[in-house]
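The structure appears right after this line, and notes come after that.
Number of protein chains: 4
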Amino acid sequence: MTNKSIEATQTKNHQNMILTPKKSDIIYIRRAHYHETDQMGIVHHSNFIKWFEEARIHLMKAIGTSYKIMEEEGVISPVVSMFCEYKTMVGFDDEVFIHIEIIDYNSIAFKVKYRVTNDDESISYAVGESKHCFLSKEMRIIALKKSHPHINEIFMAEFTKNS
Amino acid sequence: MTNKSIEATQTKNHQNMILTPKKSDIIYIRRAHYHETDQMGIVHHSNFIKWFEEARIHLMKAIGTSYKIMEEEGVISPVVSMFCEYKTMVGFDDEVFIHIEIIDYNSIAFKVKYRVTNDDESISYAVGESKHCFLSKEMRIIALKKSHPHINEIFMAEFTKNS
Amino acid sequence: MTNKSIEATQTKNHQNMILTPKKSDIIYIRRAHYHETDQMGIVHHSNFIKWFEEARIHLMKAIGTSYKIMEEEGVISPVVSMFCEYKTMVGFDDEVFIHIEIIDYNSIAFKVKYRVTNDDESISYAVGESKHCFLSKEMRIIALKKSHPHINEIFMAEFTKNS
Amino acid sequence: MTNKSIEATQTKNHQNMILTPKKSDIIYIRRAHYHETDQMGIVHHSNFIKWFEEARIHLMKAIGTSYKIMEEEGVISPVVSMFCEYKTMVGFDDEVFIHIEIIDYNSIAFKVKYRVTNDDESISYAVGESKHCFLSKEMRIIALKKSHPHINEIFMAEFTKNS
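Same order as they appear, the protein sequences are chains R, U, S and B.
This note's numbering puts the first sequence at residues 1130 to 1292.
This note's numbering puts the second sequence at residues 1130 to 1292.
This note's numbering puts the third sequence at residues 1130 to 1292.
This note's numbering puts the fourth sequence at residues 1130 to 1292.
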């Protein structure tokens, strides 16, 4: 239950110094909807959890599979844990950039890291981390390496790229 | 697409006159949650549609069945149409009383009427009406009279009571 | 990599017949999110009401104002009534095209019509209609013609174009 | 016929052994709504974050204040961080008991711990933890000890009781 897991790993460099090559982020972009605000006048915190899901689904397409296909092939991937640290309030119609990365994968479970920023990354709205496992339709734990090797390869390739 | 369907049928009588016996309403009571407000400082209108669903599910229990059982027995009941007229804004933590009534039923479809009020009905927050059909798990239209006579009887009894 | 809504002009013509000039629709495009599905395996009906709001906000930008600016200038525009007829179920990750049109406007209130289709309009997912008024921050009814003539002009121009 | 959340005292004792006196939990009880399920056939994980908020608001009433009053007195209390670990899936119409406790408080911020169980606590659905600060309406950090001593006392008393 400790949440020290998050480091924002700010790679922004305003000074135009020579940089080591930067891994390209997968970024999911969307605007905050009016129906996502609350009477505090900002986006309700529960929506970040929904945005993280949208970003994961975007990531799966970006790396060459899709959560829709996975479910059709009999894999469901529930959330095991979810962490979010809120840093700056997001207002109605603000555009957010969700940088998403697979930071752990072992064929049975995976971890995802999120950074929510504005376009030029000068504002950090939130950081987050979630853990997910894989289940069969009968809700039994499966190892993709055995049950769905082609999906395993896609996840492993993406994870390896990042590490 | 015409929405003239709604009459609030206010039966309130502050003067304690002699009244013809009044049908007893089925009432679903709940409070407005903070996460249901928007930056207008009131409950977002989309939540009334969710509240109507909660009230329908409450009604099904109140009349002797339950939507959970219906689904387990292979009946799903999607929404065909939905109307809501918003009359008074609902604020955070306000308690709403949703008066709900089956106003039409014919074994293939049913109509429900909603009145959202405060406790003593001095405030009318909203009125609504929705139409629903019955489908099998294979998404085919079914007539409860044939497919599920015991559920048909429950709906018919409630509808007859009201008409 | 973005999830942007776009404005598009309807150019579809299956028969290549000579057509009378057709009014150009304003279209809001978006995908159904996983968190919008319910255990019926389809998008929950309450989300259409949220989508309609997103489409209205898209329309306001498309015609030259924005709901954000309107609120900043002291105009809020609550929903007076909402109607939706559900015709075809929408599944996870389906792309929907929400055709939106101002069908009535008189400086005090306006009506909007919605058609939710797939890309080539071969599927009609839903149709809807909503009514809205204008309030000051103090929740008093206002006539845009007097209080905000520049916004009045924008709405009137769009409405006149359609009628 | 109501759907009320209740406060209850934990009295469960399977073994009827002599127990050391146990702190009484504040418990928020509610049922999972149909509109909270997703196509996995379970409650969508984002709803736990909303339930935690409902439980916090319940707790504030239980200890002698209310979030509504706090906002009216100029205190808003945004979420700084949120953690949830999902242990057992919750299905439609399942009743959940959210045990909630203030585990840290220092006039500037507080931490809350959540345990989501069934009625006899034989099932653990989820555990969670969140951190919150206090802001003025102008979104400046405030210390309740100075700005709102009567609210400070209530929070401090509850925190001290638990520690």
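Note that beta-carbon positions come from the ideal geometry of N, C-alpha and C, so glycine has one too.
Considering residue i, what are the terminal residues of the alpha helix (DSSP H) in which it resides?
i: GLU1202 of chain U; result: Note, GLU1202 of chain U: premise wrong, no alpha helix (DSSP H); not H, not E.
i: ILE1229 of chain U; result: Segment 1224-1234 is the beta strand (DSSP E) holding ILE1229 of chain U; no alpha helix (DSSP H) there.
i: ILE1283 of chain B; result: 1278-1291
i: HIS1187 of chain B; result: 1175-1191
Can you round the beta-carbon distance between residue i and residue j to whole angstroms, since I take them to be within the 8 Å contact cut?
i: PHE1284 of chain S; j: ILE1231 of chain S; result: 7 Å
i: ALA1255 of chain S; j: LYS1216 of chain S; result: 6 Å
i: GLU1287 of chain R; j: ILE1192 of chain R; result: 5 Å
i: ASN1281 of chain R; j: SER1251 of chain R; result: The Cβ separation is near 38 Å, so there is no contact.
Quick one, which of the options has its alpha-carbon nearest residue i's?
i: GLY1220 of chain B; options: B:PHE1177, B:TYR1243 and B:MET1199; result: B:PHE1177
i: GLU1258 of chain B; options: B:ALA1191, B:HIS1277, B:VAL1245 and B:MET1189; result: B:VAL1245
i: LYS1240 of chain U; options: U:GLN1168, U:ASP1223 and U:THR1289; result: U:THR1289
i: SER1276 of chain U; options: U:VAL1204, U:MET1169, U:ARG1185 and U:VAL1209; result: U:VAL1204
i: VAL1208 of chain S; options: S:CYS1262, S:PRO1278, S:ALA1286 and S:GLU1282; result: S:CYS1262
i: GLU1182 of chain S; options: R:GLU1214, R:LYS1242, R:ASP1248 and R:ASP1222; result: R:ASP1222
i: ILE1227 of chain R; options: R:GLU1282, R:GLU1165, R:ILE1186 and R:GLY1170; result: R:ILE1186
i: MET1218 of chain S; options: S:TYR1196, S:VAL1172 and S:ALA1286; result: S:VAL1172
i: PHE1212 of chain R; options: R:GLU1202, R:TYR1243 and R:MET1189; result: R:TYR1243
How many Å lie between residue i and residue j at the Cα?
i: SER1292 of chain B; j: TYR1234 of chain B; result: 10 Å
i: MET1268 of chain R; j: TRP1180 of chain R; result: 25 Å
i: LYS1151 of chain U; j: SER1253 of chain R; result: Only weak support exists for where LYS1151 of chain U lies, its pLDDT of 44 falling under 50; the value from the coordinates is given anyway. Approximately 59 Å between the Cα atoms of the pair.
i: ILE1210 of chain U; j: ALA1272 of chain U; result: Residue 1210 of chain U is actually Ser in this sequence, not Ile. Roughly 19 Å separates the two Cα atoms.
i: HIS1162 of chain U; j: ALA1161 of chain R; result: 20 Å
i: ILE1155 of chain S; j: ASP1167 of chain B; result: 31 Å
i: VAL1225 of chain B; j: SER1265 of chain B; result: 34 Å
i: HIS1279 of chain U; j: ALA1238 of chain U; result: 16 Å
i: HIS1164 of chain B; j: GLU1214 of chain U; result: 21 Å
i: GLY1170 of chain R; j: HIS1174 of chain U; result: 16 Å
i: ILE1270 of chain R; j: LYS1190 of chain S; result: 47 Å
i: TYR1157 of chain S; j: ASP1248 of chain B; result: 45 Å
i: THR1194 of chain U; j: GLU1202 of chain R; result: 35 Å
i: GLU1136 of chain B; j: ARG1159 of chain U; result: The predicted position of GLU1136 of chain B is uncertain, since its pLDDT is 32 and thus under 50; a value taken from the coordinates is nonetheless stated next. The straight-line gap from Cα to Cα measures roughly 16 Å.
i: LEU1188 of chain R; j: LEU1188 of chain B; result: 38 Å
i: ASN1274 of chain B; j: GLU1200 of chain B; result: Inspection of the sequence shows that residue 1274 of chain B is occupied by Lys rather than by Asn. Rounded to whole angstroms, LYS1274 of chain B to GLU1200 of chain B spans 16 Å at the Cα level.
i: LYS1260 of chain U; j: TYR1196 of chain U; result: 16 Å
i: SER1206 of chain R; j: SER1206 of chain U; result: 27 Å
DSSP beta-bridge partners for residue i?
i: SER1210 of chain R; result: R:LYS1260 and B:GLU1214
i: TYR1157 of chain S; result: S:ILE1227
i: ILE1270 of chain B; result: B:LEU1264
i: THR1166 of chain S; result: S:VAL1172
i: SER1253 of chain U; result: U:THR1246
Taking the continuous beta strand (DSSP E) assigned at residue i, which residues delimit it?
i: PHE1239 of chain B; result: 1238-1246
- Compile a chain-ordered list of the residues in the segment 1209-1228 of chain R whose CB is closer than 8 Å to at least one CB of chain D. Among the protein chains in the structure shown, which are R, U, S and B, there is no chain D.
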